[in-house]
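Student:
There are 2 protein chains.
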Amino acid sequence: MRHRVRSGEARATTLNDVARLLGISAATVSRSLSKPDMVSAKTRARVDEAVRKLGYIPHAAARALAGRGHRVVGVVIPSLRFGVFAELVESLQAGLDRAAFGVLLGHTGGEPDREYEQVRALVERGIDAVVLTGNSHDLEVLRLLDDAGLPAICAFDFSADAALPCVGFDNADAAENLAQHLIENGRDGIAMITQPVASNDRARKRVAGVKRALRRIGKAMRPGHLLECDGLLPSSREAMRDLIASGEPPNAVICFSDLIALAAAAECRAAGLRIPDDIAIADFSGVGLSEINNPPLTSVPIPAKDIGRIIGEQLIARLEEGAPLESVRIEHALEIRGSTLCGSLQTFA
Amino acid sequence: MRHRVRSGEARATTLNDVARLLGISAATVSRSLSKPDMVSAKTRARVDEAVRKLGYIPHAAARALAGRGHRVVGVVIPSLRFGVFAELVESLQAGLDRAAFGVLLGHTGGEPDREYEQVRALVERGIDAVVLTGNSHDLEVLRLLDDAGLPAICAFDFSADAALPCVGFDNADAAENLAQHLIENGRDGIAMITQPVASNDRARKRVAGVKRALRRIGKAMRPGHLLECDGLLPSSREAMRDLIASGEPPNAVICFSDLIALAAAAECRAAGLRIPDDIAIADFSGVGLSEINNPPLTSVPIPAKDIGRIIGEQLIARLEEGAPLESVRIEHALEIRGSTLCGSLQTFA
DNA sequence: TTGTATGCGTTATCAA
DNA sequence: TTGATAACGCATACAA
Numbered sequence: 542m543r544h545r546v547r548s549g550e551a552r553a554t555t556l557n558d559v560a561r562l563l564g565i566s567a568a569t570v571s572r573s574l575s576k577p578d579m580v581s582a583k584t585r586a587r588v589d590e591a592v593r594k595l596g597y598i599p600h601a602a603a604r605a606l607a608g609r610g611h612r613v614v615g616v617v618i619p620s621l622r623f624g625v626f627a628e629l630v631e632s633l634q635a636g637l638d639r640a641a642f643g644v645l646l647g648h649t650g651g652e653p654d655r656e657y658e659q660v661r662a663l664v665e666r667g668i669d670a671v672v673l674t675g676n677s678h679d680l681e682v683l684r685l686l687d688d689a690g691l692p693a694i695c696a697f698d699f700s701a702d703a704a705l706p707c708v709g710f711d712n713a714d715a716a717e718n719l720a721q722h723l724i725e726n727g728r729d730g731i732a733m734i735t736q737p738v739a740s741n742d743r744a745r746k747r748v749a750g751v752k753r754a755l756r757r758i759g760k761a762m763r764p765g766h767l768l769e770c771d772g773l774l775p776s777s778r779e780a781m782r783d784l785i786a787s788g789e790p791p792n793a794v795i796c797f798s799d800l801i802a803l804a805a806a807a808e809c810r811a812a813g814l815r816i817p818d819d820i821a822i823a824d825f826s827g828v829g830l831s832e833i834n835n836p837p838l839t840s841v842p843i844p845a846k847d848i849g850r851i852i853g854e855q856l857i858a859r860l861e862e863g864a865p866l867e868s869v870r871i872e873h874a875l876e877i878r879g880s881t882l883c884g885s886l887q888t889f890a
Numbered sequence: 542m543r544h545r546v547r548s549g550e551a552r553a554t555t556l557n558d559v560a561r562l563l564g565i566s567a568a569t570v571s572r573s574l575s576k577p578d579m580v581s582a583k584t585r586a587r588v589d590e591a592v593r594k595l596g597y598i599p600h601a602a603a604r605a606l607a608g609r610g611h612r613v614v615g616v617v618i619p620s621l622r623f624g625v626f627a628e629l630v631e632s633l634q635a636g637l638d639r640a641a642f643g644v645l646l647g648h649t650g651g652e653p654d655r656e657y658e659q660v661r662a663l664v665e666r667g668i669d670a671v672v673l674t675g676n677s678h679d680l681e682v683l684r685l686l687d688d689a690g691l692p693a694i695c696a697f698d699f700s701a702d703a704a705l706p707c708v709g710f711d712n713a714d715a716a717e718n719l720a721q722h723l724i725e726n727g728r729d730g731i732a733m734i735t736q737p738v739a740s741n742d743r744a745r746k747r748v749a750g751v752k753r754a755l756r757r758i759g760k761a762m763r764p765g766h767l768l769e770c771d772g773l774l775p776s777s778r779e780a781m782r783d784l785i786a787s788g789e790p791p792n793a794v795i796c797f798s799d800l801i802a803l804a805a806a807a808e809c810r811a812a813g814l815r816i817p818d819d820i821a822i823a824d825f826s827g828v829g830l831s832e833i834n835n836p837p838l839t840s841v842p843i844p845a846k847d848i849g850r851i852i853g854e855q856l857i858a859r860l861e862e863g864a865p866l867e868s869v870r871i872e873h874a875l876e877i878r879g880s881t882l883c884g885s886l887q888t889f890a
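Taken in sequence, the protein lines are chains L and D. Read in the working numbering, the first sequence has 713 at position 172, and its numbers run on one by one without any break. Read in the working numbering, the second sequence has 561 at position 20, and its numbers run on one by one without any break.
(1) Residues of chain D with CB under 7 Å from residue 810(L), in chain order?
(2) For residue 847(D), report the span of its alpha helix (DSSP H) as first-last.
(3) Give the DSSP-derived three-state secondary structure of residue 733(D) in the structure shown.
(4) Short check: CB of residue 631(L) to CB of residue 561(D), under 8 Å?
(5) What runs of the beta strand (DSSP E), each 3 residues or longer, lie entirely inside the region 584 to 633 of chain D?
(6) Closer than 8 Å between beta carbons: that is the criterion. Which residues of the region 847 to 858 of chain D meet it against chain L?
(7) Using CA atoms only, rank isn't needed, just tell me which of 766(D), 806(D) and 615(D) is closest to residue 938(D).
(8) According to the Cβ coordinates, are residue 674(D) and residue 617(D) closer than 8 Å?
(9) At 7 Å on the CB atoms, spell out the chain D contacts of residue 688(L), in chain order.
(10) Ends of the beta strand (DSSP E) at residue 670(L)?
(11) Within 10 Å of its beta-carbon, does residue 796(L) have 16 or more other beta-carbons around it, so buried, or fewer, so exposed?
(12) Can you find a C-beta in chain L that's less than 8 Å from the C-beta of residue 826(D)?
(13) So the beta strand (DSSP E) residue 648(D) belongs to, where does it begin and stop?
(14) Look at the Cβ atom of residue 633(D), then the Cβ atom of residue 852(D), and state whether they are nearer than 8 Å.
(15) DSSP has residue 656(D) in a bridge; who is on the other side?
(16) Thinking residue 769(D) and residue 735(D) are a contact (beta carbons under 8 Å), I'd like their distance in whole angstroms, please.
(17) From residue 724(D) to residue 750(D), what does the alpha carbon distance come to, in whole angstroms?
(18) Please go through the same chain and pick out, in chain order, the residues whose beta-carbon is closer than 6 Å to the beta-carbon of residue 611(D), but skip the five residues on each side of it.
(19) Check whether the Cβ atoms of residue 828(L) and residue 650(L) sit closer than 8 Å, and answer yes or no.
(20) Identify every residue that forms a DSSP beta bridge with residue 683(D).
(21) Just grab the DSSP bridge partners of residue 500(D) for me.
(22) Where do the ends of the beta strand (DSSP E) carrying residue 840(L) lie?
(23) Along the alpha helix (DSSP H) that carries residue 785(D), what are the first and last residues, could you check?
(24) Under 7 Å from any heavy atom of the ligand ADP, does the C-beta of residue 752(D) make it?
(25) Within 10 Å of its beta-carbon, does residue 636(L) have 16 or more other beta-carbons around it, so buried, or fewer, so exposed?
(26) Quick one: list the residues of chain L neighbouring residue 831(D), beta-carbon separation under 9 Å, in chain order.
(27) Does any residue of chain L have a CB that is nearer than 8 Å to the CB of residue 753(D)?
(28) Output, in chain order, the set of chain D residues within a Cβ distance shorter than 8 Å of residue 667(L).
(29) Provide the residue span of the beta strand (DSSP E) that contains residue 758(L), from first to last.
(30) With a CB to CB cut of under 6 Å and the five nearest residues on each side skipped, what residues in its chain are close to residue 550(D)?
(31) Please determine, among 864(D), 872(D) and 559(D), the residue with the shortest C-alpha to C-alpha distance to residue 716(D).
(32) According to DSSP, is residue 822(D) helix, strand or coil?
(33) Identify whether residue 876(D) lies in helix, strand or coil by the three-state DSSP scheme.
(34) Under the DSSP definition of a beta bridge, which residues are partnered with residue 883(D)?
(35) Under a CB-based cut-off of 8 Å, is residue 643(D) close to chain L?
(36) What residues from chain L crowd round residue 784(D), counting only those whose CB sits closer than 7 Å?
Given below as structure tokens:
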């Protein structure tokens, strides 16, 4: 089979072609397709057959222009390389798919400044709604959405005072809870390896949560115990290495993601540190990798799939019935595993 | 700030609004925006200012209808949960972004039957080109693409006789090479844990490659040594468990992905098997997780990022200049690590 | 239940 | 260099 080059693109069959073939009006064909119960069963049958025969496929742009909406929602995330975002997008798309909505993607690479340009690109493409990441957005973005009259909803963090409706758990509460668990297990020297707090509001809230927990027992996080990395393996290992080499190594580390935690654990092994005896490791687990470590890692799982599903449902209700978008607070969970427990439990897997 | 409900959507500003404000024709504004050097510098400046002032954003559907193309390409993949696909999409989108093309997503969940419906949904949305996964596609899909006059290109496997242009390495060759390496290191009882071969052409080719290598030394893969799983952790561990429990356990396992390999390694640990002393493990690494295992895993890295970049470049050339799409064969690499080498190397990380 | 006519926002063609 | 006008393919209000 030759690879198609064909520059003279055969024009696709249109509604009119179908109508002409049947000797009926285009309007009837249109109705038969979009509002089947407005035409006679007989006509509908004939139309369906002609459509099949001609291989007719509706022209999305024309439909959109004629007022039916584009039936596409835009999603702006930092990067698909992080499992949680991939999971969100997949789950969202699965839900929207059933209502015949498509998903257009925009990546910021984790740079908040790029959110505006990405949203704008999506708006130009004619999206009907937009899903953003986190609860920190430039006024410029909010204004753009408002001007365009676009429904928007944010994933991954719940904040009561968010500017836009949002779906997720409260990252500060979850982090506080996780730190609390560590404290109860005798760890008061808690460090964190996180995505940059300057550009990530979930990171900021988690740090705040951990500090809250420490403050309650009259402690504080040491300055050198808050390290940032880009979330990938090399920089994560480097961060752990710095932590180990620091004057006052921690006896527990909370990692922003399971990938970071895996890297940290590998680095501890390399340094001869035993988990959890010498150091405890816990994480917010994105891709379910936490349990694959030896020992398995205690973690707060991020319900990306649920978030995607909920947002999908809300968007459909909003776009099809005008229902208002609403924030949803998801309760976080705490999966306790061997990496934070002293004793013999930690080596069974 | 109140959550927007506004059902009476303020109509967005159009080209005409800009023209009216300036007292010039819409045609001129249009030209000023899409073919800047066809209007006077003065007009262009005025238009640009008015556009900014009014917050005008071009309407993609109208543009598409008027003949400029939709500037969107569709990508059909099994699932974003697998890192390689996420990486492909991200890389592709980054490339297309610069040429102002968007990316629409379709998921098959790994069921080849769903490819047709997904491609169709994308075609209805008005894509200008489509990227598929692998080199095995229903005739129905090929016909749909042909009817729609849509350029298509496939990612992740190179086959000289593919029906469509494709970009990737030859999975059979790579697998043979990997098996060869194991054989050279004294392993002739090679097993595989793979995605279902019935629905995954890369899996089929890899199995064929391994069998080829074994045949060359007069061996064959035992019937019970070819296990399938869904690629996620639980079923991967289960597969490894079955392998260990089988009458004739292998002395090497080639895993379809790094995630599967990680699960397999964990299962070996649980069973008290030492890697690589008792059993070697190697994989095709999707998300770069292979090196995080203890010991690090030998693997063939999947160049998803490169594939995405190359496909992006080709699509842009095709869509903007009518250049033909061409298959690109990428040479695979073999990253040898501790998991397949006997000796003292294997525990350094 | 069906047909006719009109408009959606933009680009392309043709004149000016 | 600019303006007027006609498509583009479809959905809808209105008429029949």
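No residue lacks a Cβ here, since even glycine has one placed at the ideal position from N, Cα and C.
Tutor: Reading off the structure:
(1) Result: 835.
(2) 845 to 862
(3) strand
(4) no
(5) 613 to 618
(6) Within the region 847 to 858 of chain D, no residue has a Cβ that lies closer than 8 Å to any Cβ of chain L.
(7) No answer is possible for residue 938(D): the residues shown for chain D start at 542 and end at 890.
(8) yes
(9) 596
(10) Note, residue 670(L): beta strand (DSSP E), 670 to 674.
(11) buried
(12) no
(13) 643 to 648
(14) yes
(15) Beta-bridge pairing links residue 656(D) to no other residue.
(16) 6 Å
(17) 13 Å
(18) 605, 667 and 669
(19) no
(20) Looking at the DSSP assignment, residue 683(D) forms no beta bridge with any residue, so it has no partner.
(21) In this structure chain D extends from 542 to 890, so residue 500(D) is not present and cannot be described.
(22) 839 to 842
(23) 774 to 786
(24) Summarising the ligand content, the structure contains no ligands, and the ligand ADP is consequently not present.
(25) buried
(26) The contacting residues do not exist; residue 831(D) stays about 10 Å from chain L at best.
(27) no
(28) Under the 8 Å cutoff, chain D gives 600, 601 and 602.
(29) First-last for residue 758(L): undefined, no H or E at that position.
(30) In this prediction, residue 550(D) has a pLDDT of 48, which is less than 50 and means its spatial position is unreliable; nothing more can be read from the coordinates.
(31) 872(D)
(32) Strand at residue 822(D).
(33) strand
(34) Its beta-bridge partners do not exist; DSSP assigns none.
(35) yes
(36) Simply none; closest approach about 17 Å.
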